[in-house]
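Below is one structure; the comments refer to it alone.
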Amino acid sequence: MRDILRNRMGWLHAWVGFVCGVILVVVFTGGSLAMFDTEITRWMQPELSGLSQLTLTEEGLNRAGEQVQALRDAGQTVFLNMPSARDPVLRILHYDGHAFVGPALNPRDGSDLNVRQTQGGQLFFDLHQSLYRGPVWGNMVTELVAIGLLVAVFSGIVIHFRNLVPDLLLFRPFAAPGRAWLDAHLMAGVLMLPFIIMITYTGAVIHAPRLFPMISNGYGGKAANRPGHDRAHGIAPSAPLGPMWKQAEAVYGEGNIGFIRFEPRAVSFYRSDAANFVITRDHVDFSPRDGQQIAVKPGERGVQSLGGVMRGLHYARWGTSGLRWLYFICGAVGSAMMSAGLVLFVIKHRRNHGGTVRLAVAEAFTLTVTFGLPFAALGFLWSNRLIAPSLAQRDLLEAKVFFLLWLCTLVHAAVRSCTGHVRAGWREQAWGIAVLGCGLPVLDVVSRSGTAFAPRLDVYGVVDACALGFGLLAVWGQSMIARSR
Amino acid sequence: MTRGPRKAAAKGALWKRWLVRGAWIVGFAYFCTLGLFFLAAGRPDAMVFQSIGLAVMPLLIVVLFALPRGGAGLVVLAVPLLQAGVL
Chain A
4 MRDILRNRMG
14 WLHAWVGFVC
24 GVILVVVFTG
34 GSLAMFDTEI
44 TRWMQPELSG
54 LSQLTLTEEG
64 LNRAGEQVQA
74 LRDAGQTVFL
84 NMPSARDPVL
94 RILHYDGHAF
104 VGPALNPRDG
114 SDLNVRQTQG
124 GQLFFDLHQS
134 LYRGPVWGNM
144 VTELVAIGLL
154 VAVFSGIVIH
164 FRNLVPDLLL
174 FRPFAAPGRA
184 WLDAHLMAGV
194 LMLPFIIMIT
204 YTGAVIHAPR
214 LFPMISNGYG
224 GKAANRPGHD
234 RAHGIAPSAP
244 LGPMWKQAEA
254 VYGEGNIGFI
264 RFEPRAVSFY
274 RSDAANFVIT
284 RDHVDFSPRD
294 GQQIAVKPGE
304 RGVQSLGGVM
314 RGLHYARWGT
324 SGLRWLYFIC
334 GAVGSAMMSA
344 GLVLFVIKHR
354 RNHGGTVRLA
364 VAEAFTLTVT
374 FGLPFAALGF
384 LWSNRLIAPS
394 LAQRDLLEAK
404 VFFLLWLCTL
414 VHAAVRSCTG
424 HVRAGWREQA
434 WGIAVLGCGL
444 PVLDVVSRSG
454 TAFAPRLDVY
464 GVVDACALGF
474 GLLAVWGQSM
484 IARSR
Chain B
44 MTRGPRKAAA
54 KGALWKRWLV
64 RGAWIVGFAY
74 FCTLGLFFLA
84 AGRPDAMVFQ
94 SIGLAVMPLL
104 IVVLFALPRG
114 GAGLVVLAVP
124 LLQAGVL
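In the order they appear, the protein sequences are chains A and B. Residues in the first sequence are numbered consecutively from 4, following the numbering used here. Residues in the second sequence are numbered consecutively from 44, following the numbering used here.
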């Protein structure tokens, strides 16, 4: 192998791409699912399926405020999430280290809707941003692999610069496996290039403080804006929230309040992230004693709001459901592109290192992140309906089921790789996805029998349809694997 | 053309050379970005520089890896000077 530019870039692209790619597939798959985290959470709380669109009333908000007060008196740090088009209920939330969880209330009268405890779609959000390993080490790893992805993308552009247009058009799914995977990798890579660069760069900028701790004030807005520990639980709002809400809406517009945060000296009504492209966290503060407006605090403006622009681009909370679908599809195609790259790496090294433990490990990881993760995600949804709704700490149990299933796929992949039957391993895991995916709509109908046959397209129908679609795709995928030699 | 065991040895040597070179380049790019952040700290437009730094870091890694040894050495010298000049 000569030391020329193309070889150097090829080496950099292959090794950085593989090492980072194993994690990046998880990050991209988790991120794609997290685009619909709220909707997945609703699917995982079938008790909400019978609710029609409810209007928030002052009475409902006042009663929710009383419940917040009781929780704060008991020493909990909570905030109140306002109803929105995506999630039509009031939620009293606290951060459990991985997700914002808590009871859901009827926005009309503030009564508890008795929904089951679940981390819901936020498990995927946490998996996406920190691999479920917390905000320090987890974020640092995702930041590192984001930089790695940018390196792989730039080196990939150098390698294929002359053939970018043909790569965009050429796809031969029935060619030899190596050629078919390469076509898929190149086509998806070129097609999704602007999205991948944008989403990776904005993600890297958002979490830059983890890699460069000295800039913690720049982009670390999210952590800083999370409700922190409330030292003065005794000083709770005695004034009703309803009148404050009306005043806050007069400032930001009707339906533009995202959440209410309770601090010792102020009750803050934050503008919804969906209200504006730039996430600035503007808020109106009220006195907790008499409900008088204290101040209107705008977020950063001008150059200072660059962090908010990055977060706005990355999270797309301002977007319509159409935009979120676009992000979801682009993320899923990006994930498939990286999976194809991992498979290509394994195929290439199988020629020289076939039968070695190193290659078996690489094959096992490739299979586990490509098929094992969707399998575990579907198993997570199944566990939601199979675990008793009233079981204590069932949300943690669901998360354990997810990671246990994922571990099982790793063990299965390792066994199949080490015994030289990796192709059978791919087919078996594809069948696993097919069974869980195609069976999920049936499970949903059975476990939600009271409202399952209502003639409307809601989150339940869409999640079921997506699971069925992925199940059928897996059936097709395993038949392709069986046919290829 | 090199063949047999010599080919394998040459390939292994090249692989190790690139790995060592990659480690040096990543370290250098990290400290360049770190330097940029320190120099930009306190400025009202610091965030712009930080964003640029994060975009340039992976580009710098690719460029340094693409350049032959002499060219990479020149860039290594030029980048800190450029930082000092710009800021």
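Cβ atoms here follow ideal geometry from the backbone N, Cα and C, with glycine treated the same way.
**Where residue 26 (chain A) sits in the DSSP three-state scheme** = The answer is helix: DSSP assigns residue 26 (chain A) an H, G or I state.
**Asked** At what residues does the alpha helix (DSSP H) containing residue 98 (chain A) begin and finish?
**Response** Element bounds for residue 98 (chain A): not the alpha helix (DSSP H) but the beta strand (DSSP E), 93-98.
**Asked** Roughly how many whole angstroms lie between the Cα atoms of residue 109 (chain B) and residue 439 (chain A)?
**Response** Cα-Cα distance, rounded: 46 Å.
**Prompt:** Any idea what DSSP makes of residue 273 (chain A), helix, strand or coil?
**Reply:** Looking at residue 273 (chain A) - three-state DSSP - the assignment turns out to be strand.
**Selection from A:424, A:430, A:389, A:378 that minimises the alpha carbon distance to residue 407 (chain A)** = Residue 407 (chain A) has its Cα closest to that of A:378, out of A:424, A:430, A:389, A:378.
**Asked** Expressed to the nearest angstrom, what Euclidean distance is found between the alpha-carbon atoms of residue 221 (chain A) and residue 76 (chain A)?
**Response** Summary for residue 221 (chain A): the model assigns pLDDT 46, below 50, so the residue's position carries little reliability; its value from the coordinates is reported in the next sentence. When only Cα atoms are considered, residue 221 (chain A) and residue 76 (chain A) end up about 34 Å apart.
**Request:** Between the Cα of residue 284 (chain A) and those of A:297, A:294, A:290, A:259, spot the shortest distance and give me the residue it belongs to.
**Result:** When only C-alpha atoms are compared, the closest one is A:259.
**Asked** Buried or exposed: residue 398 (chain A), going by 16 or more other Cβ atoms within 10 Å of its Cβ?
**Response** Around the beta-carbon of residue 398 (chain A), 16 or more other beta-carbon atoms lie within 10 Å, marking it buried.
**Coil, strand or helix - residue 176 (chain A) by DSSP** = Residue 176 (chain A): coil per DSSP, three-state reduction.
**Prompt:** Using a C-beta to C-beta distance shorter than 8 Å, which residues of chain A count as neighbours of residue 91 (chain B)?
**Reply:** In chain order: 306, 309.
**Message:** Give me the residue from A:12, A:350, A:56, A:155 with the minimum Cα distance to residue 111 (chain B).
**Reply:** Ranking the options by Cα distance to residue 111 (chain B), first place goes to A:12.
**Prompt:** So which residues of chain A does residue 105 (chain B) contact, with C-beta pairs closer than 8 Å?
**Reply:** For residue 105 (chain B), the chain A residues whose Cβ falls inside 8 Å of its Cβ are 12, 15, 154, 157, 158, 161, in order along the chain.
**Cβ neighbours of residue 353 (chain A) in the same chain (closer than 7 Å, five flanking residues each side left out)** = 362.
**Asked** For residue 391 (chain A), does the three-state DSSP call read helix, strand or coil?
**Response** Residue state for residue 391 (chain A) is assigned as coil, using DSSP reduced to three classes.
**Asked** Any idea what DSSP makes of residue 398 (chain A), helix, strand or coil?
**Response** Correct three-state label for residue 398 (chain A): helix.
**Prompt:** Relative to the C-alpha of residue 118 (chain A), which residue among A:484, A:364, A:392, A:450 is closest?
**Reply:** The shortest C-alpha to C-alpha distance from residue 118 (chain A) to any of A:484, A:364, A:392, A:450 is the one to A:392.
**Item:** For residue 261 (chain A), the nearest candidate out of A:34, A:36, A:89, A:27 (CA to CA)
**Value:** Of the candidates A:34, A:36, A:89, A:27, the one whose C-alpha sits nearest the C-alpha of residue 261 (chain A) is A:89.
**Asked** For residue 226 (chain A), which of helix, strand or coil comes out of DSSP?
**Response** Per-residue confidence for residue 226 (chain A) stands at a pLDDT of 39, beneath the threshold of 50, marking its modelled position as unreliable; the derived number appears in the next sentence. Of the three classes helix, strand and coil, the one that applies to residue 226 (chain A) here is helix, per DSSP.
**Request:** Taking residue 473 (chain A) as the reference, give the member of A:465, A:451, A:436 with the closest Cα.
**Result:** Nearest option by C-alpha distance: A:436.
**Message:** Residues in the same chain with beta-carbon distance under 8 Å from residue 301 (chain A), minus the five sequence neighbours each way, listed in chain order, please.
**Reply:** By the criterion of a C-beta distance shorter than 8 Å, residue 301 (chain A) is surrounded in its chain by 283, 285, once the five residues flanking it on both sides are discounted.
**Message:** In the DSSP output, which residue or residues are listed as bridge partners for residue 260 (chain A)?
**Reply:** Within the DSSP secondary-structure output, residue 260 (chain A) pairs in a beta bridge with A:274.
**Request:** Note down, in chain order, all residues in the region 189-201 of chain A with a beta-carbon under 9 Å from any beta-carbon belonging to chain B.
**Result:** Going along the region 189-201 of chain A in chain order, one finds no residue with a Cβ nearer than 9 Å to chain B.
**Asked** Identify the residues that DSSP records as bridge partners of residue 300 (chain A): which are they?
**Response** Beta-bridge pairing links residue 300 (chain A) to A:286.
**Asked** So does the region 156-165 of chain A actually touch the region 325-342 of chain A, counting three or more Cβ pairs closer than 8 Å?
**Response** These segments do not touch.
**Asked** Within 10 angstroms of its Cβ, does residue 317 (chain A) collect 16 or more other Cβ (buried), or is it exposed?
**Response** Buried: at least 16 other Cβ atoms inside 10 Å.
**Item:** Sequence-distant residues of its chain with Cβ nearer than 6 Å to residue 425 (chain A) (five each side left out)
**Value:** Cβ neighbours of residue 425 (chain A) beyond the five flanking positions: 366, 419.
**Contacts around residue 58 (chain A), its chain only, beta-carbon distance under 8 Å, and the 5 residues preceding and following it disregarded** = So the qualifying residues of the chain are 110, 111.
**Asked** By how many angstroms is the C-alpha of residue 364 (chain A) removed from the C-alpha of residue 249 (chain A)?
**Response** For the pair residue 249 (chain A) and residue 364 (chain A), the Cα-to-Cα distance works out to about 59 Å.
**Request:** Determine the DSSP secondary structure at residue 215 (chain A), reduced to helix, strand or coil.
**Result:** Coil at residue 215 (chain A), not helix or strand.
**Message:** For the structure I just gave you, are there three or more beta carbon pairs, one from the region 117-125 of chain B and one from the region 170-181 of chain A, closer than 8 Å?
**Reply:** Flag = no, the region 117-125 of chain B and the region 170-181 of chain A do not touch.
**Request:** Closer than 6 Å by C-beta to residue 56 (chain A): which residues in its own chain qualify, once you throw out the five before and the five after it? Chain order, please.
**Result:** Within the same chain, Cβ atoms closer than 6 Å to the Cβ of residue 56 (chain A) are found at 91, the five residues on either side in sequence being excluded.
**Message:** Here's the rule I'm using: 16 or more other beta-carbon atoms within 10 Å means buried, otherwise exposed. How should residue 295 (chain A) be labelled?
**Reply:** If you draw a 10 Å sphere on the C-beta of residue 295 (chain A), you find fewer than 16 other C-beta atoms in it, and that means exposed.
**Where residue 345 (chain A) meets chain B, residues with beta-carbon distance less than 8 Å** = Contacts between residue 345 (chain A) and chain B, judged by CB atoms closer than 8 Å, are missing: the closest CB pair is about 19 Å apart.
**Prompt:** Who does residue 104 (chain A) pair with in a DSSP beta bridge?
**Reply:** A:97.
**Asked** Taking DSSP as the reference, what is the three-state secondary structure of residue 142 (chain A)?
**Response** If DSSP states are grouped into helix, strand and coil, residue 142 (chain A) belongs with the helices.
**Prompt:** Which residues, taken in chain order from the region 363-391 of chain A, show a beta carbon closer than 7 Å to some beta carbon of chain B?
**Reply:** Interface annotation for the region 363-391 of chain A against chain B: empty, criterion Cβ-Cβ distance under 7 Å.
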